[in-house]
Amino acid sequence: MFQKINNQPFNFHKLMDLTNNYKTIYFIGFLILLPLILISFYNNPSGDDFDYTLATKGGVDYLTAQKSIYINWSGRYVATALLTITEFVRYPFTVYKIIPMLVIVSLIISISFAVRCCLPSLKRTDNHKITIYIFIIYLIMMPSVVQAFYWLPASMSYQISNILTLFFIGFLNRLLKTKATKHLIACMLLAILIIGTNETAMLLLNYLLFCICIYWLYTKKRAPKPIIILLFCCIICSLVVLLAPGNAIRSANIAVKHEVIDSIKRTILTTFNYSIIWLPVVILLVGLLYNTICQHVSKNVSAIFKSNPYFLFTAVLFIPFIGFFPSYWALSHVAPGRTINMIAFYFLIGCLFFAISIMHQQLLKNTHITKKLQFGLFVVFFCTIASNTNIRTAFSNVLSGDASAYNTELQERYTYLLQTEEENCIVSKLNHKPATIYFDDISSNKEDWRNKSYQNFFEKTSIIITTD
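Heads up: the sequence shown is residues 785 to 1252, going by my numbering.
Dropping the structure here:
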């Protein structure tokens, strides 16, 4: 079948071994990570970025700004605390460009930490391999990369929540195993932070702890005391978020009827549609990791994986529903990309827990994936990477110079606005809008809220873009 090349036969078995070699996985991970890091240097603020940083302008101290936003806008106490740090959005926006890199690296570290806590017997190279695969699959599942890493109001509210959740899962596993007070305190602190990032994370974290309590009550007739304490802590923090006066003020400006039945119908349909999109890559991930995990799943495994797989399956099914429902009920439309990013993340983690539970319970006894099948899965994985819009777009934005040109256009705009003495400014519209880092821009209407934010930040009477 294969011809000799330079008098050496083509060794198919060596090729199969190469695709499963950790160095190959490292190389692929580095190759995908590279454009995501490089494009950060061209990242710039937009929209809500300026609004939040203006909260501490004009002599308003930091704590007063937190109180004002809580009373007049939102109960997300952690997201608000992060987004109102003035240094994050200060010209020439150096810190703003660095933050996405820190978020990406933190996400990778948190995945590795959670994997190590859940499967402590893994070798370091296996841990790294699993971490890289999970990160890449999550990147493939994302509907919006810009809202995952590069636009701060989204990344500080949602991606930071994902990172904290992974650390929470890690410490929760240690807590269930050791019952140590230090792990309970760590979980409580992380829960307080997670709930303060966004309402979707709040609901899903409460749901996770509620499921654990229900399962233990059903199987052991009592829930673990640390879990009850955690759930109580989460409920208190959730009330702090939900009862914020700012929520009522903001909701009053949204004309929505809160139709429960219609919201449920639309949520079920959206859940089904996204599950169909996500499941193939999740199954691919499980296949790629199957042999590696099976070697360690029976050794010192997390207590969560000892749960009934059918219970876990049912619990995972409700994750997308819980994530999508609030947007339909509160806003009467599908959740924005940043929220769907988070739902995809929780769904991915939930599916992995379910799959590992099946492996631990040995429901698939004496099964393993052959080298040929492993090679086939790797080929599918490689083709998925090559065809994925998120990954191709990141490479394209960097290599084509689109991201660099976008940054240059904005730097020229900033220089003009900072140097001109004109109070009514007209700036050129952007000709380059790299999808990986571009979120939105001002308009030709000076009354647009984005224009007003721009005007206040640069201290101008009006700023609009030319209609030419």
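The beta-carbon is built from N, C-alpha and C at its ideal position, and this holds for glycine as well.
Assigned exposure category for residue i - 16 Cβ within 10 Å defines buried
i: residue 930; result: buried
i: residue 1006; result: exposed
i: residue 902; result: buried
i: residue 1163; result: exposed
i: residue 974; result: buried
i: residue 818; result: exposed
i: residue 1167; result: exposed
i: residue 1020; result: exposed
i: residue 1203; result: exposed
i: residue 811; result: exposed
i: residue 1062; result: buried
i: residue 984; result: buried
i: residue 785; result: Per-residue confidence for residue 785 stands at a pLDDT of 39, beneath the threshold of 50, marking its modelled position as unreliable; the derived number appears in the next sentence. By the neighbour-count rule (16 or more Cβ atoms within 10 Å), residue 785 is not buried but exposed.
i: residue 1281; result: There is simply no residue 1281 to check, as the chain begins at 785 and stops at 1252 in what is shown.
i: residue 908; result: exposed
i: residue 876; result: exposed
Simplified DSSP assignment, three categories, for residue i
i: residue 1174; result: helix
i: residue 1247; result: strand
i: residue 1210; result: strand
i: residue 828; result: coil
i: residue 1073; result: helix
i: residue 1007; result: coil
i: residue 1092; result: coil
i: residue 1034; result: helix
i: residue 1186; result: helix
i: residue 1204; result: coil
i: residue 1219; result: coil
i: residue 926; result: coil
i: residue 1042; result: coil
i: residue 833; result: helix
i: residue 952; result: helix
i: residue 805; result: coil
i: residue 1238; result: helix
i: residue 1118; result: coil
i: residue 849; result: helix
i: residue 1145; result: coil
i: residue 1049; result: helix
Rounded distance between the beta-carbons of residue j and residue i, thought under 8 Å
i: residue 1247; j: residue 1229; result: In fact, because the Cβ distance is near 11 Å, the residues do not count as touching under 8 Å.
i: residue 1236; j: residue 1207; result: Residue 1236 to residue 1207, Cβ: 14 Å. No contact.
i: residue 1054; j: residue 1108; result: 5 Å
i: residue 1161; j: residue 1068; result: 6 Å
Contacts around residue i, its chain only, beta-carbon distance under 6 Å, and the 5 residues preceding and following it disregarded
i: residue 1139; result: 1070
i: residue 1103; result: 1130, 1131, 1134
i: residue 1218; result: 1181, 1186, 1187, 1190
i: residue 898; result: 950, 953, 954
i: residue 1234; result: 831, 1226
Contact set for residue i: own chain, Cβ-Cβ below 7 Å, skip 5 residues either direction
i: residue 1010; result: 959, 963, 968
i: residue 1022; result: 979, 986, 990
i: residue 1090; result: 1144
i: residue 1096; result: 1137, 1138, 1141
i: residue 1018; result: 975, 979, 989, 990, 993
i: residue 928; result: 1121, 1122, 1125
i: residue 1172; result: 924
i: residue 895; result: 915, 918, 919, 950
Own chain, CB closer than 8 Å to residue i, minus 5 neighbours either side, in chain order
i: residue 971; result: 952, 955, 956, 959, 1010, 1014
i: residue 1240; result: 834, 838, 841
- Message: Below 8 Å, how does it come out for the region 823–838 and the region 874–884: are there three or more Cβ pairs, yes or no?
- Response: yes
- Counting pairs of beta carbons, one from the region 1060–1076 and one from the region 901–917, are three or more of them closer than 8 Å? yes
- Would you call the region 888–901 and the region 856–869 touching, i.e. three or more CB-CB distances under 8 Å? Pairwise C-beta distances place the region 888–901 out of contact with the region 856–869, as fewer than three of them are shorter than 8 Å.
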